[in-house]
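Presented below is the structure to which this report refers.
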DNA sequence: ATTGAGGCTTGACAAGTGTCAAGCTCCTGG
DNA sequence: CCAGGAGCTTGACACTTGTCAAGCCTCAAT
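Residue numbers (my numbering), protein chains in the order written: chain A, 1 to 212; chain B, 213 to 424.
Right, dumping it as structure tokens:
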């Protein structure tokens with residue numbers, strides 16, 4: 001009976017602890033989301049914890065309460081960002097019934113995200129560059145890169161499938177190509193180059209049939 | 213005669229001023245070169261003028277004397293870096309007499325610079341990302357990107373020429389592809405991935421015949 | 001109702017930042 | 001020889017940064 005009581009008590013303790021952990025993590029994500037606003041605006045180099053706090057509903061102390069330090073916060077931001085990003089084209093890939101449909105659906109999403117989420121994208125490129133200096137970022141960044149590569153690969157294989165073909169190059173090369181094009185288009189777009197988006201779309205439209 | 217004297221004096225004045233300008237610029241380049249050391253080591257975000265000065269033979273005041281502010285210094289660094297970078301493969305391109313020779317020469321240089329100048333390359337990617345946030349960088353960065361694209365294009369057209377073909381894609385797409393591959397390889401290399409360099413070489417070796 | 005702990009705010013600290021003015025040294029033109 | 005300025009050093013300034021300790025509030029368990 002003492003055994004049982006102890007067991008029950010333990011279970012309760014475990015349950016409440018799990019609940020706390022959940023709440024704790026939810027708060028972390030909330031804070032990370034707030035931080036992403038400022039990070040996307042200013043970039044890693046110019047963003048301080050105080051600035052993040054001022055642009056949010058929180059005080060700067062909370063961030064220290066929930067994150068061991070600045071890197072911890074940014075890592076959490078990156079991981080959170082990843083989850084959103086990687087599924088962007090999945091609906092298009094699964095619903096498209098023809099090459100044209102896939103192409104147009106993909107291009108539409110591509111143009112939309114380049115225009116509407118430019119700040120998040122530039123933050124990603126910023127953090128990926130930081131990973132070249134800061135070992136603490138590397139694991140997460142490499143992982144995200146892998147999932148982005150897989151995302152592109154899903155599009156390519158589906159595109160090939162719809163033409164009864166196989167992709168002509170490796171996942172790595174394909175991702176490198178799209179990533180390079182996107183990065184360049186993003187920079188031009190941010191520099192107010194009106195032709196950045198249409199040029200990217202043209203280029204991708206021309207490229208798609210040649211790689212599959 | 214008064215005229216002549218004035219003219220001569222003016223000429224002398226102009227000449228000495230030109231000389232001063234030259235010396236001034238030489239010093240700027242010297243300082244920029246010193247700054248590149250620290251920037252390559254720490255990245256833009258973590259580098260201060262004082263740190264730059266401490267890792268060099270100069271005091272932090274000199275940098276303020278020769279540059280109006282930090283951005284001015286970094287812009288000068290970037291421009292200086294550009295000049296060195298863009299000609300890397302020119303010798304190979306002009307001397308190679310066969311596709312194989314060009315391929316091997318190119319790959320050798322590629323591997324060497326990835327290994328030996330990794331810090332400069334990561335700085336370039338860092339600054340290119342900064343340009344997405346900092347308008348002051350954009351002009352220089354876009355310009356360098358253009359010359360790098362032209363550099364890749366020279367290699368590709370020469371490669372095509374040696375096979376009596378024409379490049380199959382646009383300069384922009386080709387540059388995006390190589391830049392993406394290089395960037396990814398660089399990150400992996402910096403993360404101590406032994407296979408980063410050989411993987412890049414394999415990929416490029418496989419890719420070259422397919423794009424021309 | 002009291003206690004205590006989790007969640008959060010506030011304020012302070014030391015270190016580091018860009019900037020710049022005052023002054024030093026050395027070289028050159030007169 | 002020496003006045004003056006270019007080149008450079010030094011030290012100080014105002015400010016920002018990450019960090020953290022002390023304390024406040026709230027709410028659930030006793």
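Built from N, CA and C at the ideal position, the CB exists for glycine as well.
Please read these numbers as outputs of a predicted model, since none were measured by experiment.
Length of the line joining the Cα atoms of residue i and residue j
i: residue 218 (chain B); j: residue 234 (chain B); result: Confidence is the limiting factor: at residue 218 (chain B) the pLDDT is only 49, short of 50, which leaves the residue's position unreliable and the question unanswerable from this model.
i: residue 64 (chain A); j: residue 257 (chain B); result: 21 Å
i: residue 378 (chain B); j: residue 55 (chain A); result: 53 Å
i: residue 287 (chain B); j: residue 252 (chain B); result: 14 Å
i: residue 412 (chain B); j: residue 302 (chain B); result: 20 Å
i: residue 130 (chain A); j: residue 419 (chain B); result: 29 Å
i: residue 422 (chain B); j: residue 108 (chain A); result: 28 Å
i: residue 164 (chain A); j: residue 155 (chain A); result: 14 Å
i: residue 327 (chain B); j: residue 97 (chain A); result: 46 Å
i: residue 69 (chain A); j: residue 60 (chain A); result: 12 Å
i: residue 365 (chain B); j: residue 151 (chain A); result: 29 Å
i: residue 27 (chain A); j: residue 86 (chain A); result: 23 Å
i: residue 391 (chain B); j: residue 37 (chain A); result: 29 Å
i: residue 386 (chain B); j: residue 149 (chain A); result: 18 Å
i: residue 191 (chain A); j: residue 348 (chain B); result: 10 Å
i: residue 415 (chain B); j: residue 406 (chain B); result: 15 Å
Reduced DSSP secondary structure (H/G/I, E/B, other) of residue i
i: residue 65 (chain A); result: helix
i: residue 309 (chain B); result: coil
i: residue 198 (chain A); result: helix
i: residue 191 (chain A); result: coil
i: residue 383 (chain B); result: helix
i: residue 301 (chain B); result: coil
i: residue 424 (chain B); result: coil
i: residue 344 (chain B); result: coil
i: residue 40 (chain A); result: helix
i: residue 147 (chain A); result: helix
i: residue 258 (chain B); result: coil
i: residue 164 (chain A); result: coil
i: residue 206 (chain B); result: Given that chain B is displayed from residue 213 to residue 424, the structure contains no residue 206 (chain B) and the question cannot be resolved.
Closest Cα partner of residue i within the set the options
i: residue 73 (chain A); options: A:129, A:53 and A:89; result: A:53
i: residue 117 (chain A); options: A:26, A:187 and A:133; result: A:187
i: residue 184 (chain A); options: B:388, B:393 and B:321; result: B:388
i: residue 132 (chain A); options: B:236, B:254, B:245 and B:248; result: B:254
i: residue 335 (chain B); options: A:128, A:124, A:121 and A:119; result: A:128
i: residue 134 (chain A); options: B:338, B:348, B:423 and B:308; result: B:338
i: residue 197 (chain A); options: A:111, A:139 and A:138; result: A:111
i: residue 170 (chain A); options: B:424, B:417 and B:245; result: B:417
i: residue 350 (chain B); options: A:47, A:189 and A:25; result: A:189
i: residue 424 (chain B); options: B:269, B:311 and B:406; result: B:311
i: residue 120 (chain A); options: A:193, A:71 and A:32; result: A:32
Near-chain B residues of the segment 106-122 of chain A - C-beta to any C-beta below 7 Å = 122
Give, in chain order, every residue of the segment 274-291 of chain B whose Cβ lies closer than 8 Å to some Cβ of chain A.
-> none
May I ask you to verify whether the segment 350-370 of chain B touches the segment 286-300 of chain B, counting CB pairs closer than 8 Å and requiring at least 3?
-> yes
Taking Cβ-Cβ distances below 9 Å as the criterion, which residues of the segment 31-46 of chain A are in contact with chain B?
-> 41, 42, 43, 44, 45 and 46
Are the segment 147-163 of chain A and the segment 98-114 of chain A touching, with three or more C-beta to C-beta distances below 8 Å?
-> yes
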